[in-house]
Structure formats: C-alpha cells, structure tokens
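Colleague: Here the protein sequences come in this chain order: Z and H. So the first sequence is numbered by the working numbering: it starts at 1 and just counts up by one. So the second sequence is numbered by the working numbering: it starts at 1001 and just counts up by one. I'd like to ask you about the structure that follows.
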Amino acid sequence: MAVSPASSTPPLERYRVLDFSDERGLLCGQLLADLGTDVVVVEPPGGSRVRRFAPFYQDLPDPNGSLYWWAYNRNKRAITLNLGAAAGKALAHQLIAGADFLIESASPGRMEELGLGYDEAARINPRLIYVSITPFGQAGPKANWASSDLVVLAAGGPLALTGDDDRPPLRVAVPQAYLHAAADGALGAMLAHFHRVRSGRGQHVDVSAQQSVAIATQSGALATLFNAAPFRRHRGGLRLGILENQIIWPARDGHVTMAVAFGANAGPFMVKIRQFLYEQSRLPEADPELKALSPQLEDGRWPEEARDAIIAAIRRFTQRHTKAQLMEIAQRHGLLIGSLETLPDVFASPQLSARGYWRMVEHPELTRAFAYPGPFARFGTTPIQYRRRPPTVGEHNNEVYAGELGLGAARIRELEEAGVI
Amino acid sequence: MADEKPLSGVRICDFSWAMAAPMATRMLADFGAAVVRIEPHNRYDAARTQPPFLNNQPGVENSAMWSNCDAGKLSIVLDLARPAARRVALDLVRWAGVVMESFSPGTMRKWGLDYEALREVSPGLIMLSSSLMGQDGPMADYAGWGYMGAAMAGFHQVTGWPDRDPSGPFHSYTDYVVPRMTALALLAALDHRRLTGEGQYIDFSQVEAATHFLAPAYLDYSANGRAARAMGNRDFNFAPHGVYPCAGEDRWIAIVCENGAQWRALCAVMQRPELQQDPRFGSITGRLEHAADLDEIVSRWTAMQDQYQAETMLQAAGVPASAVQNCSELTADPQLAHRGHFVKVKHPLHGAIHVESNAIKLSQTPGSIETAAPTLGGDAHHILADILGYSEDQITELAEEGALG
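This is the structure we're talking about:
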C-alpha cells in the first residue's frame, strides 16, 4: 500500500493522535500524520459525513470513494465508534487514555454532552493535548452560530476583498476556511506539546476559523485601526487603499499575473515595467494605439488620465503572446510575470516533476494508484512519507479494538451487533 | 511571565523577509521564541512597503503589514556583503541554533551562509529555507510574490465567474496559507532534535505546501481526469450557497443551507412557506440542480433586508449566514473582540500601534504580543551588546566598517 522509499523516518513517529473531526479539522490530523504520528480517525458507524462529500471517484457515491475524504485522510487509520452509546463512550475513554493528542471540530458544547469534553478527557489523561477547531472559537457571541465555509469567509474578512467589483464577493470554489483553521490547529498542537515537554501537562487548544482567515486580508483587517483607506475588491486588480493595481492579464492561451501599479504609491517595482512598455511603444511594429501613447509613457510618468488607455495597451500586448512567451519576456526584462496555471498545467509542471512532487499512492482494492499532492515540506533527515492510503470505513477496527485495546472476538461481535462499532 | 510560554528558550536567527516566512516566525514569537530579524542594508523588507499605512502615510515604520508580520521580534541591519557583518551573522546563528531564510535560492550560499557552512559553526543546526518553488528544479530561481504563488499553484482556476477572466483569491494568498505549515515543520524538527540531538535542513516550497489547500480538486483531476473550473460561489454539495445583495451600497450576506432542515428554516424566515413544498427543492439533489432558481429566490428576499438584521434572523433560525464584513466591520465585530483579535502595543515612534493576534488560544500558556514590530535596525545595540556580548569598542568598529548598513 505504501509509497516512496526514504532514507529515514518522519520526525513525530512516537506520538498517537485521536481524530474525532470532520471537514473542519481533517487537515490538522493529516499534517500530523504526514509528520509521522499515528493518527486514528474515529468515525460514527457507517462513516464520517465527509465521506458523502463530492467529488467521488468515477462519480460513484461510495463512502470509500469521496475524493474530499481522500484529500485529507492520508496516512491515517480509521475506526468506527458510536459515541452516543455508553459502551462507545467507555471505549473512547480507553483510547483517550493512550493518546498524546486529540482533535475535534464539533460545535462548542457537543463533546461535553458526549462526556468527551476537555475537562473529562484531561481527567483521564492529564498529558493529553486537546485541539478544538470551530468556526468562531469555544466562547463568545458567535460561538454557537450555524456556519459553513462561506459564512466564515464572510465573517472573517477575505470574502469582501475577493472577486469583481461589479459582482458579489467571491470565494475559492474549493472550501478554504477550515483548512486555514485546521493547519493552525496542527501548529497549536505542537506549541502545546513544547509546554508538555517541560511541564508534563497537556492543555486545551482552541482555534477560531474566523481568526484563521482574517490573516488572509493581507492586513486589510487593520486598515480602520490604522486610520488608512479600506481595501476593496476590484475586477482583475487590487484596491489597497492608496495603492491600486491591475494584476490579471489575458494571454493568447490563458492568463498571466503581473502587478501594474497606478497612483502615487506605485513604488520602485514599477520602474522596469514602465520602461519596458515605453520601449515597446517606440518599436516600428508597435500597434498604433501604443505608439500614440508613447509621449505619455516617456520617463515613466504615466499620467492618471491615461490609465485606461495604458491598461488597454498592455492587454493588447499580453493577448498577442502565449503564457510561455510572456514568462520568457519577463525573464529577459526583469519583470515579474506569473502564469495563471490551470490544474492540468500544475499537474504537468516541469518544476514539480523535477522535484518528484506528486506521489503515487496505491489503492489496492481499486487496483490503481493515484497521484497525490506531495510532502508539504522537505525534511533533510526526517522526510515525510506517504505510508497509507486514506482508510476505508472501519478498516482498522480489528487492529485497534482487538490488537491494541485487547478486546476478544466475541466482545467485538457483540459491539458490532449493538451498533457501537 | 515570558518563562511560562511554550517556546521560551527557543531562538531563531531570521534572515527571511516579506510575508510568508516572517509570519511563521511571528507566530512562534507570540508563543515565546526569541526572534532576531536580520534586515538587509540595501533593500527594505517588502512588508514595510505595503499598505495599509498609518494615516495613509507610506513609510517603512508605518505599515500594518510589517506590524502584523514582525511584532515581537528584534531587528538589526547587516550588510552581508561585508565580512565583519557575516561574522555577526555567524555569531547570531551560533546563539540561535535555528535559522529561517527566504532569499532566492543560492543567495545564502553566495555569502557563505548556506546550511553546510552554518552547521560547521552550529552543530545540530535546524535551517529552513522558504521559497516560492523550492530550492532545486528548473524554476528554482523564479522569484515572486504570493499572488504568483497562488497562480502557480492553480488557485485562479477555481476562483472566478464562469463567463469572465479568473479573479483569483485575494492578493498574495499563498503567503497566508503556508505560515502555519512553515512553523509546524520547524517545530517538528525541533522535537526531533530534542530527542536525538540531530539537526537538519528543510526545503520549504510555498507552492508545494499551498497545493494541499486544493487537494480535492487535484484528486478529481488525477482520479477522474476532470479539471475543476470557476463556478462563482456555487458548491458541489450544498444549495442554496451564495453571497446575496442586501439593502444599501455594496452590502452582502453569505447564506448556505447544508441540509433540508436549514432550507426549510430559510423558507420560513423569508416568509415563503410554500417553497418548503416545492418539489424542485425537496431533496439536496433537486436543490443543487435548481441552484440558479434558488439564488434568484434568495436574492429577491435579501435585496430588501438590512444585512445585519437578516443575519440575526437567519442565525436565530439556525441557518448558516453572515454579513460580508470589510475592514471597519471587522474592527467592530463582537466575536473578534471577544477573542482579543486586535491588540494594541507600545511603539517607539507612534506611541501605540495595532497588531492582529493569531487564531490559536492555548488554555494554560496563551500566546501574547509583547512588543511592536521593530523599527529598522532599532535593536542593533541590544543585540550586539546584550545577546552577543560585544564590547562598545567592537560595536563602534562594526559601525565604522559599514557592517551595520
């Protein structure tokens, strides 16, 4: 099942993580699993709700075929457990006793109702680090709000700044908010771990997704407190208070990104681009509109009244070239141009290939291997390994309940029949 | 009090700049790491040059971005082209045992400050190099900002309207995706060193890390051959799912129904109980299929509503909804206030300045922001005299040689 060879083992191999989370927290456990911890996902009988998220492998709505599940459960093991049943709670307590970290993303108060809240868990295992990932944090006026990716992005700031000014604010179509929070959860877990190393005590790590996404306003969240002009969303560009620029440009075969700034604060990065455009306007083969602009482009003055004409001229220029040609021009003239890569472009990227980024992970029951995004960091001596494909529902029940908790076969059958596992 | 923090005793010699890597060391500083920023003599840190600026006045000590990325750190300016400055850098590496840097690949080597050289002076060194595309490969030299990282990782393809040029996520998006992963990698290496004494080099590519935030779309491509495309605010799993206009100019509300109960509650709030019976919307499959109709129905209602009143009504009914909040609304947000998101710290030039806190609350050893982001080279004397133990004569000599920029 496992994957690429490596010279050494990942850094956090000695720790055990219990993962009770759903889409709000699964990346947290996966980051820790990639770093070598033994992560056991605890799902309700029948499987996590995330297993019902599209897209699916071959579009078949199979709980083991959700690509959303695959994306955030690599390197984990999975068991099923009915936390609402008394026997289920008792087993959960046994698992908690042997864990170093616990991750959960239930609405505040829900774990307490189940008898699995932080205080209860800490009584069982005072060394436990207990990570809670929620939309707004454990307490406060919005802590019990009904939420979703889009709601967190709206409340936290980035939504207002994304998209075109003549359309509604816009999100990234792949849900992002809880990924920010889950990654913060993994960092929080390790921060608490360093305290545990010295004190021998665990603690409660409380992550607010709203705060996690506020960072993605590029400090726009501070504008009012800085008595500065607010950031606004703008089609194809940025309106950062006193700094305005266009950053999206059409190419013959797609789009590129290149910051072209206007206004008083355009800054030193614009010198080369302004010089380049002026030189282009002086070429015999330049298009007539660009030629006509030439006097206004001279000395990099770019008068405000020529802004629309300059933008139109640059668009015509970029439109005549392919993304690859524009990148080459950028290299030659010291401009900063990036290709807006399509997903197939990224998949075929010579850079990522040269670094062996994509990792083939075998799914033996499907008799296929699939390319997964590779290690999030390259460790020189403790490399991340892709040891396990994402687990199927209850795949490790036997391994955990019989092998590790020492339950007999008869007891396991009993628990299965009672719907506990 | 500082002794109580989880990372007290951890020291970082930080050559990084701009946003992505400094934000990682900023988070570690909140939790007790001592971080010394080495700023180059010939180029201002990009974060110092980015808005918002205090009172709209551009200036290297006025940026909110700098305030956010570098609070709690110390700053010294070094001209690393000079041997004397490099000796100071080596002493700081020896003091720290942990190095962070984000120059273009090869730059540290040019100065003789690459991992192989530094581990000679600091056995057990942990060094993390953060770059856009990684330290090797045909595009290793490709320098760029976070918005280019977002473009190179594919984010623009899934952020936009189907009938238009891609919008892309807001600005330097990958700079805000990766910092916690950078910091996490560093802490994992620190734990390994704690137990084995073994240091290591970490090659951190911002594009490679950020790609994990699009993993479901990449798996859809690798497993099904389907390349996700812009779909506005629609969702694969939920409908209605959108951002709808409210009364007033540029006022919006985000509304999502993840299940039938939330949909029926929305119908009740909109005073459209007959829609609960509408066969088009009776199942999630039906709602997804008729998402355009739903968007129209919901928009017609929201357009008459105040965004915050609608938010209150919908939340009271259990429907996921939030007003779309921009700068001034964030400042006034009661939940962010409850979490202590905006922190005011003393500043040597401005009296006081604001910093955003981070999202991680530890119950026993909470993070805190003790000092404002440093003024340019403002801690040089403290660093040289108190941390490195240089004499006044040595410090004067360094200044005279131009080592301090």
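Here a beta-carbon is modelled for each residue, glycine too, at the ideal position from N, C-alpha and C.
1. Note down, in chain order, each residue of its chain lying with its Cβ closer than 6 Å to the Cβ of Asp1393(H), except the 5 sequence neighbours on either side.
2. So Tyr1308(H) contacts chain Z; which residues on that side make the cut at Cβ distance below 7 Å?
3. Applying a beta-carbon distance threshold of less than 8 Å, which residues of chain H neighbour Tyr68(Z)?
4. Apply the 10 Å Cβ neighbour rule to Leu1187(H) and answer buried if 16 or more other Cβ atoms are within range, or exposed otherwise.
5. Threshold first: 4 residues or longer. Then list the alpha helix (DSSP H) segments lying entirely within the segment 6–47 of chain Z, N to C.
6. Have a look at the DSSP bridge pairing and note the partners of Lys1344(H).
7. Does DSSP put Phe370(Z) in a helix, a strand or coil?
8. Cβ of Lys272(Z) less than 8 Å from any chain H Cβ?
9. Can you find the residues in the same chain that come closer than 8 Å, C-beta to C-beta, to Met1304(H), ignoring five residues on each side of it along the sequence?
10. How is Glu341(Z) classed by DSSP in three states: helix, strand or coil?
11. So is Gly117(Z) in contact with chain H if we call contact Cβ pairs under 8 Å?
12. Looking only at its own chain, which residues have a Cβ that is under 7 Å from the Cβ of Asn245(Z), when we skip the five neighbours before and after it?
13. Ordered along the chain, which non-local residues of its own chain (more than five positions away) have a Cβ less than 6 Å from that of Pro175(Z)?
14. Use the C-beta contact count for Ser1075(H): other C-beta atoms within 10 angstroms, 16 or more gives buried, fewer gives exposed.
15. Of all Cβ atoms in chain Z, is any one closer than 8 Å to the Cβ of Asp1386(H)?
16. For Leu27(Z) versus Ala183(Z), is the C-beta spacing smaller than 8 Å?
17. Along the chain, where does the beta strand (DSSP E) that runs through Tyr130(Z) open and close?
18. In or out: Glu289(Z) buried (at least 16 other Cβ within 10 Å) or exposed?
19. Excluding five sequence neighbours on each side, which residues of the same chain lie with their C-beta closer than 7 Å to the C-beta of Trp1252(H)?
20. Tell me whether Asn144(Z) sits in a helix, a strand or coil according to DSSP, three-state version.
21. With DSSP as the reference, label His333(Z) as helix, strand or coil.
22. What's the C-alpha gap between Ser1129(H) and Ala209(Z)?
23. Using a Cβ-Cβ distance under 8 Å, would Ala1359(H) count as near chain Z?
24. Quick check: the segment 1164–1175 of chain H against the segment 157–173 of chain Z, are there 3 or more CB pairs under 8 Å?
25. Within 10 angstroms of its Cβ, does Asp308(Z) collect 16 or more other Cβ (buried), or is it exposed?
26. Which residues in chain Z have a C-beta closer than 8 Å to the C-beta of Phe1236(H)? List them in chain order.
27. I want to verify the contact list: residues of chain H whose CB lies under 8 Å from the CB of Trp145(Z), in sequence order.
28. Would you call the CB atoms of Val393(Z) and Ala85(Z) closer than 8 Å?
29. Check each residue of the segment 1032–1050 of chain H: if its Cβ is closer than 8 Å to any Cβ of chain Z, include it; give the result in chain order.
30. Against Pro1123(H), what residues of chain Z qualify as contacts under a CB-to-CB distance less than 8 Å, listed in chain order?
31. Would you kindly work out how many angstroms separate the C-alpha atoms of Gly1106(H) and Trp249(Z), rounded to a whole number?
32. Output, in sequence order along the chain, the residues in the segment 307–326 of chain Z whose CB is closer than 9 Å to any CB in chain H.
33. Is Leu12(Z) close to chain H? Criterion is C-beta to C-beta, closer than 8 Å.
34. Whole beta strand (DSSP E) runs in the segment 1191–1222 of chain H with 3 or more residues, listed along the chain?
35. If you measure beta-carbon to beta-carbon, which residues of the segment 1325–1350 of chain H are closer than 9 Å to chain Z?
36. Using a cut-off of 9 Å between C-beta atoms, extract the partners of His193(Z) located in chain H.
Modeller: Looking at the atomic coordinates:
1. As a working note, residue 1393(H) is residue 393 in the second sequence. No residues qualify anywhere along the chain.
2. Position 308 of the second sequence, counting from 1, holds the residue named residue 1308(H). Within chain Z, no C-beta atom comes less than 7 Å from the C-beta of Tyr1308(H); the nearest is roughly 12 Å away.
3. For this step, residue 68(Z) is matched to residue 68 along the first sequence. Listed by position along chain H, the residues whose Cβ is nearer than 8 Å to that of Tyr68(Z) are Pro1216.
4. Your numbering for residue 1187(H) matches position 187 in the second sequence. When all chains shown are included, Leu1187(H) counts as buried.
5. Taking only runs of at least 4 residues, the alpha helix (DSSP H) segments lying wholly in the segment 6–47 of chain Z are 26–34.
6. Against the second sequence, residue 1344(H) aligns to sequence position 344. Beta-bridge pairing links Lys1344(H) to His1354(H).
7. Residue numbering aside, residue 370(Z) sits at position 370 when the first sequence is read from its first letter. In the displayed model, Phe370(Z) falls within a strand according to three-state DSSP.
8. Within the first sequence, the letter at position 272 stands for residue 272(Z). Chain H contact via Cβ: absent.
9. On the second sequence, position 304 is the one that residue 1304(H) refers to. For Met1304(H), where only same-chain residues beyond five positions count, the Cβ hits under 8 Å are Ala1247.
10. Counted from its first residue, the first sequence places residue 341(Z) at position 341. Annotated three-state conformation of Glu341(Z) is coil, per DSSP.
11. As a working note, residue 117(Z) is residue 117 in the first sequence. Taking Cβ atoms only, chain H never reaches closer than 8 Å to Gly117(Z), which makes this a no.
12. Looking up residue 245(Z) in the first sequence gives position 245. The beta carbon of Asn245(Z) is closer than 7 Å to those of Gly237, Leu238, Ala259, Val260, Ala261 and Phe262 in its chain, skipping five residues each way along the sequence.
13. As a position in the first sequence, residue 175(Z) is number 175, starting the count at 1. Cβ within range, chain order: Asp149.
14. Here residue 1075(H) refers to the residue found at position 75 when the second sequence is read from its first residue. Ser1075(H) should be labelled buried.
15. Position 386 of the second sequence holds residue 1386(H). Cβ-Cβ to chain Z under 8 Å: no for Asp1386(H).
16. The sequence position of residue 27(Z) within the first sequence is 27, counting from 1. The sequence position of residue 183(Z) within the first sequence is 183, counting from 1. Note that the C-beta distance between Leu27(Z) and Ala183(Z) is below 8 Å.
17. For the purposes of this step, residue 130(Z) is taken as the residue at position 130 of the first sequence. It spans Ile129 to Thr134 - the beta strand (DSSP E) in which Tyr130(Z) sits, taken as one unbroken run.
18. Position 289 of the first sequence, counted from the start, is the residue given in the question as residue 289(Z). Burial call: exposed.
19. Within the second sequence, the letter at position 252 stands for residue 1252(H). A distance below 7 Å between beta-carbons, with the five flanking residues on each side excluded, links Trp1252(H) to the following residues of its chain, in chain order: Val1243, Tyr1244, Pro1245, Cys1246, Gln1307 and Val1324.
20. Working through the first sequence from its first residue, we reach residue 144(Z) at position 144. Reduced to three states, the DSSP call for Asn144(Z) is coil.
21. Here the question's residue 333(Z) lines up with position 333 in the first sequence. Of the three classes helix, strand and coil, the one that applies to His333(Z) here is helix, per DSSP.
22. Taking the first residue of the second sequence as position 1, residue 1129(H) is located at position 129. Taking the first residue of the first sequence as position 1, residue 209(Z) is located at position 209. Cα to Cα, the separation comes out at about 28 Å.
23. The residue you call residue 1359(H) lines up with position 359 of the second sequence. It does; some Cβ of chain Z falls within 8 Å.
24. Contact between the segment 1164–1175 of chain H and the segment 157–173 of chain Z is present: 3 or more CB-CB pairs across the two stretches fall below 8 Å.
25. Taking the first residue of the first sequence as 1, we reach residue 308(Z) at position 308. It counts as exposed.
26. Working through the second sequence from its first residue, we reach residue 1236(H) at position 236. When 8 Å is used as the limit between beta carbons, Phe1236(H) is near these residues of chain Z: Phe53, Ala54 and Pro55, in chain order.
27. Walking along the first sequence from the start, residue 145(Z) turns up at place 145. Under the 8 Å cutoff, chain H gives Gln1315, Pro1320 and Ser1322.
28. For this step, residue 393(Z) is matched to residue 393 along the first sequence. For this step, residue 85(Z) is matched to residue 85 along the first sequence. For the 8 Å CB-CB criterion, Val393(Z) and Ala85(Z) do not form a contact.
29. For the segment 1032–1050 of chain H, the set of positions with a beta-carbon nearer than 8 Å to some beta-carbon of chain Z reads Thr1049 and Gln1050 in chain order.
30. As a first step, residue 1123(H) must be located in the second sequence, where it is residue number 123. By Cβ distance, chain Z contributes nothing, its closest Cβ being about 14 Å from Pro1123(H), past 8 Å.
31. Along the second sequence, one-based indexing puts residue 1106(H) at 106. Along the first sequence, one-based indexing puts residue 249(Z) at 249. Cα-Cα distance, rounded: 31 Å.
32. Those residues of the segment 307–326 of chain Z that come within reach of chain H (Cβ to Cβ, closer than 9 Å) do not exist; the list is empty.
33. The residue labelled residue 12(Z) in the question sits at position 12 within the first sequence. Under the 8 Å criterion on CB atoms, Leu12(Z) is classed as interfacial with respect to chain H.
34. Runs of beta strand (DSSP E) with 3 or more residues, each lying fully within the segment 1191–1222 of chain H, are found at 1200–1205, listed in chain order.
35. Against chain Z - using a Cβ distance shorter than 9 Å - the residues of the segment 1325–1350 of chain H are Gln1325, Asn1326, Cys1327, Ser1328, Glu1329, Leu1330, Thr1331, Ala1332, Asp1333, Pro1334, Gln1335, Leu1336, Ala1337, His1338, Arg1339, His1341, Phe1342 and Lys1344.
36. Residue mapping note: residue 193(Z) aligns to position 193 of the first sequence, counting from 1. Under the 9 Å cutoff, chain H gives Pro1006, Leu1187 and Asp1191.
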